[in-house]
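Residue numbers (our numbering), protein chains in the order written: chain A, 3 to 671; chain W, 42 to 355.
Given below as structure tokens:
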């Protein structure tokens with residue numbers, strides 16, 4: 003905070019009750035959004051501390067005793083350490099910061115404390131971005147910076163009784179002047195790949211809704227109840243047809259006790275072989291943080307514009323879990339051949355059905371196989387069973403048992419969401435000797451209100467199957483489509499009987515104005531994500547290219563650094579200019595030296611105290627110094643205010659002042 | 042007020058003057074018990090050739106102070122009780138037609154004296170008030186086109202009641218600015234009141250003058266020669282500038298107020314027997330000179346002068 007060092011402190015060191023109350027409100031406002039990121043006990047403790055301070059202000063109670071403050075400080079440290087097991091790291095560190103800030107309020111006595119609190123407020127402001135980078139938060143933080151800046155302005159106003167309105171206006175002016183510069187630096191300052199500091203691996207990670215690394219009955223239905231945006235996508239070229247809008251996510255090979263997952267195996271599956279594929283759809287995806295490794299992409303992804311590797315089932319994976327919103331471009335093929343040859347290991351896993359559960363389903367599939375049907379015929383048999391028998395597509399399927407979930411679903415409940423159909427279908431295929439696996443991801447996309455992009459929500463989460471056909475490789479089969487064909491054509495809304503269970507935004511009531519407003523807001527948010535949060539080196543390069551500055555990246559970097567350096571020099575120069583004026587009068591200098599020496603003994607000259615009054619006060623407090631002090635004051639007054647201005651008298655006084663070295667020792671109490 | 046250590050030996054003449062002023066003070070103190078500070082401030086105002094506004098409750102000795110000042114210094118004294126039907130001519134005087142010589146003769150009003158006590162000045166209409174205030178500023182009056190100079194020394198001592206405001210016309214700031222000082226007397230200390238109640242007060246009997254108008258004129262001339270060095274002028278400037286720059290004040294001090302502050306500090310230093318002004322002189326007279334001219338924006342509690350004293354570096 004350069005301001006703090008440049009401008010002189012106001013003369014009055016007293017902090018009024020109004021200032022303290024204002025500061026308390028400011029701190030509360032700045033820390034408020036952390037309410038949603040902190041465990042309840044941190045919030046309760048902070049509320050307790052702030053309430054205590056507020057009560058103290060109302061009751062005009064004095065600054066609490068040092069021992070109490072020290073005790074509270076230690077308590078806060080201990081509480082944070084016991085609660086988090088550490089005192090650093092994202093959440094524990096922020097919790098400690100907020101609590102200490104709340105505690106600091108109790109000992110504000112002077113200008114210096116105010117500056118400390120305001121600096122801490124700046125830091126707390128920044129920590130908000132560790133938890134949320136939404137547009138709302140940005141707006142809140144701009145307002146917060148305005149208030150903190152107003153606090154600084156108020157604290158530094160030349161006189162103690164500056165008005166808050168004036169300070170607010172002044173800081174708004176400063177902010178308005180600074181924002182264009184900040185925007186310019188944002189655009190031009192060399193962007194670093196990745197965030198400036200490594201985010202600690204989300205020690206306070208909230209459970210984010212999204213695809214998970216396993217699928218069991220009910221897991222997809224749970225996801226479908228969330229209207230949150232999973233990702234937004236633009237199609238620079240051709241837009242895929244509704245039937246092509248399968249977004250590939252994790253693929254599961256292993257089935258165990260009702261759950262599809264990928265068991266850790268020693269036998270390594272080979273990387274998939276893709277041929278006869280030509281990328282015909284490009285999608286530009288902005289993916290919300292998933293805290294997982296897969297890059298969701300239109301089936302089947304061929305390549306992406308960031309470092310990735312491919313899972314044995316063809317899903318794109320990245321090395322680092324996606325803890326932040328990322329943007330990438332994927333080229334996909336809607337026609338392809340995937341793994342025309344199936345390795346022995348893959349075939350084994352794609353056929354494995356360990357255990358003896360679900361006997362009826364096994365028997366049914368064995369029966370189909372024993373009829374000597376071809377593989378496509380077996381598939382059709384299964385699909386026609388879903389189509390002809392009274393299967394229901396619902397968000398609220400009846401519960402099935404853990405071990406015989408497939409039997410329960412196929413032969414008794416006959417009601418399920420996509421995971422039931424995909425899981426049962428895959429099970430039947432394997433039991434009939436057809437290699438099959440479960441693919442999870444999303445199906446569908448909804449056009450945005452403005453901005454020419456598409457939204458895919460959690461409610462679009464979907465599961466389907468892939469079966470392996472000799473000569474064709476892995477082929478997508480979506481058994482849900484057999485039961486509810488409209489699921490694919492019209493999305494989840496048009497296909498479910500019990501639409502009311504869907505989240506509002508997934509219901510797609512396009513005529514509803516509230517829905518339209520929400521879509522519009524989504525467009526604003528998308529722009530925010532696309533242009534601000536994702537503004538990195540590559541986007542910067544593109545901006546420079548568009549401005550015709552493609553080749554000048556280095557020059558711009560030098561210019562930017564130069565400007566920053568120049569601004570730094572200007573502030574240094576301003577600070578130098580605003581240093582206290584040097585006093586030319588040796589008499590006055592000598593008098594001030596006396597004041598400084600006495601200040602060491604706890605007798606500083608007060609603001610607005612005349613030399614005579616000062617001498618009287620010093621003499622009263624230190625009778626042993628009375629004679630010397632009175633004599634010095636008499637000489638000083640005569641030299642500065644009286645008519646005698648002789649050179650000898652001046653020299654004598656300066657010499658006397660130099661020899662005036664009062665000791666700390668007190669002769670009288 | 043803590044007195045600065047006594048210093049430089051004044052000349053014989055000034056020492057005599059200072060002794061004479063001391064005699065005046067002692068004389069007045071015999072009449073107004075326990076009011077040394079108020080007496081000294083009133084005397085300062087008189088020596089600085091300014092007008093005085095006394096604001097206090099009835100019966101605390103406002104009139105006694107004014108009257109005693111006039112008697113002690115042997116000055117002419119007139120008292121005008123301000124009422125809402127008082128007319129300017131009641132103060133200034135009026136021309137009367139004399140049938141014998143068929144001409145108008147000017148009958149001077151009560152203002153043609155040396156000390157005018159304008160009692161409860163805020164009870165008169167603004168028109169009447171302004172007639173008096175004009176006389177205060179110009180030290181002359183013009184009636185029917187003829188300008189007449191007022192006596193010298195000339196001092197208006199106005200009083201007003203700070204509490205009872207019904208049927209009064211508050212003096213506007215521009216007119217308050219014409220009073221060099223406003224002082225409050227306050228209730229007497231217990232010991233003084235005991236003396237008062239035990240009946241050994243001299244009562245209304247006239248005080249013997251201990252000085253004359255010529256002495257006062259000489260002292261006033263001497264006050265103007267009390268030295269204010271650059272360092273002190275800097276302090277005065279800082280005080281005045283602060284009232285204009287600081288947002289805490291609704292309005293700043295006028296240049297006239299700055300001059301008044303210097304003059305009052307000179308008079309205070311003169312009474313102290315010094316030939317130069319020190320910051321403590323300024324600080325002592327500051328409340329009386331400043332507080333009726335300006336106020337803090339949120340005037341809760343603190344006065345303008347106490348704020349200035351605490352904020353402006355000497």
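Here a beta-carbon is modelled for each residue, glycine too, at the ideal position from N, C-alpha and C.
Kindly give me the distance between the Cβ atoms of residue 402/A and residue 411/A, rounded to whole angstroms, as I take these residues to be in contact under 8 Å.
Position 400 of the first chain holds residue 402/A. Position 409 of the first chain holds residue 411/A. Right, the Cβ-Cβ distance comes to about 6 Å (below 8 Å), so this counts as a contact.
Along the chain, where does the beta strand (DSSP E) containing residue 222/W start, and where does it finish?
Against the second chain, residue 222/W aligns to sequence position 181. 222–224 is the span of the beta strand (DSSP E), which, as asked, contains residue 222/W.
On the premise that residue 264/W lies in contact with residue 89/W, defined as a C-beta separation below 8 Å, what is that separation, rounded to the nearest angstrom?
One-based indexing of the second chain puts residue 89/W at position 48. One-based indexing of the second chain puts residue 264/W at position 223. Correct: roughly 6 Å between the Cβ atoms.
C-beta neighbour in chain A for residue 288/W, strict 9 Å:
What you label residue 288/W is simply residue 247 of the second chain in a count that begins at 1. Cβ-Cβ to chain A under 9 Å: yes for residue 288/W.
Assuming residue 327/A contacts residue 535/A under a Cβ cut-off of 8 Å, what Cβ separation, rounded to an integer in Å, is found between them?
Within the first chain, the letter at position 325 stands for residue 327/A. Within the first chain, the letter at position 533 stands for residue 535/A. Right, their Cβ atoms sit about 6 Å apart.
Measuring only the C-alpha atoms, how far is residue 426/A from residue 305/A?
Here the question's residue 426/A lines up with position 424 in the first chain. Here the question's residue 305/A lines up with position 303 in the first chain. So the two alpha carbons sit approximately 32 Å from each other.
Tell me, please, whether the CB atom of residue 264/W is closer than 9 Å to any CB atom in chain A?
Residue numbering aside, residue 264/W sits at position 223 when the second chain is read from its first letter. It does not: the Cβ of residue 264/W has no partner Cβ on chain A nearer than 9 Å.
Compute the distance between the beta-carbons of residue 381/A and residue 479/A, then report whether it is under 9 Å.
Indexing the first chain from 1 puts residue 381/A at position 379. Indexing the first chain from 1 puts residue 479/A at position 477. Yes, they are a contact pair.
Kindly list, in the order they appear in chain W, the residues whose Cβ is closer than 9 Å to that of residue 645/A.
As a working mapping, residue 645/A is identified with position 643 in the first chain. Neighbours of residue 645/A on chain W, chain order: 49, 268, 270, 316, 317.
Please give the ranges of any alpha helix (DSSP H) in the segment 415–489 of chain A, keeping only runs that are unbroken, at least 4 residues long and fully inside the region.
420–433, 481–485
Test: residue 191/W CB closer than 9 Å to a CB of chain C:
In the structure shown, chain C cannot be found, because the protein chains are A and W.
Buried or exposed: which applies to residue 200/A, given that a residue is buried once 16 or more other Cβ atoms fall within 10 Å of its Cβ?
What you label residue 200/A is simply residue 198 of the first chain in a count that begins at 1. With a pLDDT of only 47 at residue 200/A, under the threshold of 50, the placement of this residue in the model should not be trusted, and no figure is reported.
Nearest-angstrom Cβ-Cβ length linking residue 191/W and residue 176/W, presumed shorter than 8 Å:
If you number the second chain from 1, residue 191/W lands on position 150. If you number the second chain from 1, residue 176/W lands on position 135. Indeed, because the Cβ distance is near 6 Å, the residues count as touching under 8 Å.
Quick check: what's the CA-CA separation for residue 349/W versus residue 324/W?
Counting from one through the second chain, the residue named residue 349/W turns up at place 308. Counting from one through the second chain, the residue named residue 324/W turns up at place 283. Approximately 9 Å, taken between the alpha carbons.
Under a Cβ-count criterion, where at least 16 other Cβ atoms within 10 Å of its own Cβ denotes burial, should residue 369/A be classed as buried or exposed?
For the purposes of this step, residue 369/A is taken as residue 367 along the first chain, with counting starting at 1. The residue in question, residue 369/A, is exposed, as its Cβ has fewer than 16 Cβ neighbours within 10 Å.
Hey, quick one: how far does the beta strand (DSSP E) through residue 259/W stretch, first residue to last?
Within the second chain, the letter at position 218 stands for residue 259/W. Counting along the chain, residue 259/W falls outside any beta strand (DSSP E), though it belongs to the alpha helix (DSSP H) covering 254–264.
For residue 301/W versus residue 318/W, is the C-beta spacing smaller than 9 Å?
Here residue 301/W refers to the residue found at position 260 when the second chain is read from its first residue. Here residue 318/W refers to the residue found at position 277 when the second chain is read from its first residue. No, these two residues do not count as a Cβ contact at 9 Å.
Tell me the start and end of each unbroken alpha helix (DSSP H) in the segment 153–184 of chain W that is at least 4 residues and wholly inside, in chain order.
167–179
Alpha carbon to alpha carbon, how far is residue 451/A from residue 52/A?
Along the first chain, one-based indexing puts residue 451/A at 449. Along the first chain, one-based indexing puts residue 52/A at 50. Going from the Cα of residue 451/A to the Cα of residue 52/A covers about 44 Å.
Sorted by chain position, which residues of the same chain lie with C-beta nearer than 8 Å to residue 258/W's C-beta, five sequence neighbours on each side aside?
In the second chain, counting from the first residue as 1, residue 258/W sits at position 217. The residues are 193, 194.
State the DSSP-derived secondary structure class of residue 527/A, mapped to helix, strand or coil.
Numbered from 1 along the first chain, position 525 holds the residue referred to as residue 527/A. Note: residue 527/A maps to helix in three-state DSSP.
DSSP three-state call for residue 132/A: helix, strand or coil?
Residue mapping note: residue 132/A aligns to position 130 of the first chain, counting from 1. Reduced to three states, the DSSP call for residue 132/A is helix.
Specify the secondary structure class of residue 231/A as computed by DSSP and reduced to three states.
Position 229 of the first chain, counting from 1, holds the residue named residue 231/A. Reduced to three states, the DSSP call for residue 231/A is strand.
Grab the span of the beta strand (DSSP E) containing residue 120/W for me, first residue to last.
Walking along the second chain from the start, residue 120/W turns up at place 79. Segment 118–122, the beta strand (DSSP E) holding residue 120/W.
Given a cut-off of 9 Å, decide if residue 96/A and residue 457/A are closer than it, judged by their beta-carbon atoms.
For the purposes of this step, residue 457/A is taken as residue 455 along the first chain, with counting starting at 1. For the purposes of this step, residue 96/A is taken as residue 94 along the first chain, with counting starting at 1. Against a cut-off of 9 Å, the Cβ pair of residue 96/A and residue 457/A comes out as no contact.
Close Cβ partners of residue 75/W (< 6 Å) along its chain, the five nearest in sequence each way excluded:
Locating residue 75/W in the second chain gives position 34, counting from the first residue. The answer, listed in chain order, is 229, 230, 233.
Report all residues from its chain with a CB closer than 7 Å to the CB of residue 105/W; omit the five preceding and five following residues, and keep chain order.
Indexing the second chain from 1 puts residue 105/W at position 64. The residues are 72, 73.
Starting from residue 334/A and walking both ways along the beta strand (DSSP E), at which residues does that stretch end?
Working through the first chain from its first residue, we reach residue 334/A at position 332. Where residue 334/A is concerned, the enclosing beta strand (DSSP E) stretches over 328–334.
Does the CB of residue 351/W have a neighbour CB from chain A at under 9 Å?
As a position in the second chain, residue 351/W is number 310, starting the count at 1. Yes, contact with chain A.
Only counting runs of 3 or more residues, tell me where the beta strand (DSSP E) segments fall wholly within the segment 563–624 of chain A, in order along the chain.
none
Is residue 355/W close to chain A? Criterion is C-beta to C-beta, closer than 9 Å.
Position 314 of the second chain, counted from the first residue, corresponds to residue 355/W. It does: the Cβ of residue 355/W has a partner Cβ on chain A nearer than 9 Å.
Rounded straight-line distance, which links the Cα of residue 128/W to that of residue 642/A
Indexing the first chain from 1 puts residue 642/A at position 640. Indexing the second chain from 1 puts residue 128/W at position 87. About 51 Å.
Any Cβ of chain W within less than 9 Å of the Cβ of residue 326/A?
Position 324 of the first chain, counted from the start, is the residue given in the question as residue 326/A. No, no contact with chain W.
Locate the beta strand (DSSP E) running through residue 189/W, then write down its first and last residues.
Numbered from its first residue, the second chain carries residue 189/W at position 148. 187–190 is the span of the beta strand (DSSP E), which, as asked, contains residue 189/W.
In chain order, what residues of the same chain have a beta carbon less than 6 Å from the beta carbon of residue 135/A, not counting five sequence neighbours either side?
In the first chain, counting from the first residue as 1, residue 135/A sits at position 133. Contacts found: 535.
Go to residue 303/A, then tell me how far its beta strand (DSSP E) extends in each direction, as first and last residue.
Locating residue 303/A in the first chain gives position 301, where the first residue counts as 1. Counting along the chain, the beta strand (DSSP E) containing residue 303/A begins and ends at 303–306.
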